[in-house]
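Numbering (this note's numbering), first residue to last: 155 to 403.
All C-beta atoms, glycine included, are put in the ideal place defined by N, C-alpha and C.
Encoded structure:
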């Protein structure tokens, strides 16, 4: 049997809605915390998705240097986008996010950060960088789902959990990608694409801890060879950003 340290989990969200920060994301955080406690690694990406919440992640760093690096990475990303003449803050939340009930950038960012649970941040990673020791990390990646997955794959992440409130078919050619819905109607509308439903939390059927346990168990089953819906459907998307440094060194 492989040790827990063999698991490197990627934390992803896309098509977020008003329930993302209430159901699927914090439930994924429960699973992530449990894995980290057992000796696995977990990686949070999507730099644009934590704008306005980076100070909260930095406060959970194992030392001031790691916290400072998290804040610097977010500022660096925003500066690079502003250089291209794009107001990244003005573009968030997206139209789909707004239609899903999100109202502000801060609301979206606070919800996205919940995927990382409550464990301390061991360190930071550049795009595609490989974690050297077990723990929770922040990787500097684009917010685009498929571009982020490319960085995760290069960084030796071997299982991804992708939460969504609006729905997505996204998968990866190199990593199994588990999809978790934030709400039950979306799960029921595309059952061929979504592996787990966290909308049961909002429906009062399950607790956050119970759904977190289901996500944890699904990660273990997939790590042992169980196919995800994305794999069964043949989804293996790939893309690299042309607007940001995605060169793997």
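Figure out for me which residue from 276, 342 and 383 has the closest Cα to the Cα of residue 324. Per the Cα distances, 383.
Need the endpoints of the beta strand (DSSP E) that residue 332 sits in, please. Counting along the chain, the beta strand (DSSP E) containing residue 332 begins and ends at 331-335.
Is the separation between the beta-carbon of residue 341 and that of residue 332 shorter than 9 Å? Cβ atoms of residue 341 and residue 332: not closer than 9 Å.
Is residue 166 helix, strand or coil by DSSP? Note: residue 166 maps to strand in three-state DSSP.
Buried versus exposed call for residue 359 [16 or more other C-beta atoms within 10 Å across all chains shown]: When all chains shown are included, residue 359 counts as exposed.
Between the alpha carbons of residue 396 and residue 169, how many angstroms are there, rounded? Going from the Cα of residue 396 to the Cα of residue 169 covers about 22 Å.
Less than 6 Å between C-beta atoms, sequence neighbours within five positions excluded: which residues of the same chain meet that for residue 166? Around residue 166: 314 and 316.
Could you tell me how far apart the beta carbons of residue 393 and residue 300 are, in whole angstroms, since I believe they sit closer than 8 Å? With a Cβ gap of about 4 Å, residue 393 and residue 300 count as contacting.
With DSSP collapsed to three states, give me the class of residue 201. When secondary structure is reduced to three states using DSSP, residue 201 falls in the helix class.
With a threshold of 8 Å on Cβ separation, who are the neighbours of residue 260 within its own chain once the five nearest residues in sequence on each side are excluded? If we look at residue 260 and ignore the five residues flanking it on each side, its Cβ neighbours are 206 and 207.
Element boundaries [beta strand (DSSP E), containing residue 316]: Where residue 316 is concerned, the enclosing beta strand (DSSP E) starts and stops at 313-318.
Quick one: what's residue 291 bridged to in DSSP? DSSP output for residue 291 lists 197 and 277 as bridge partner(s).
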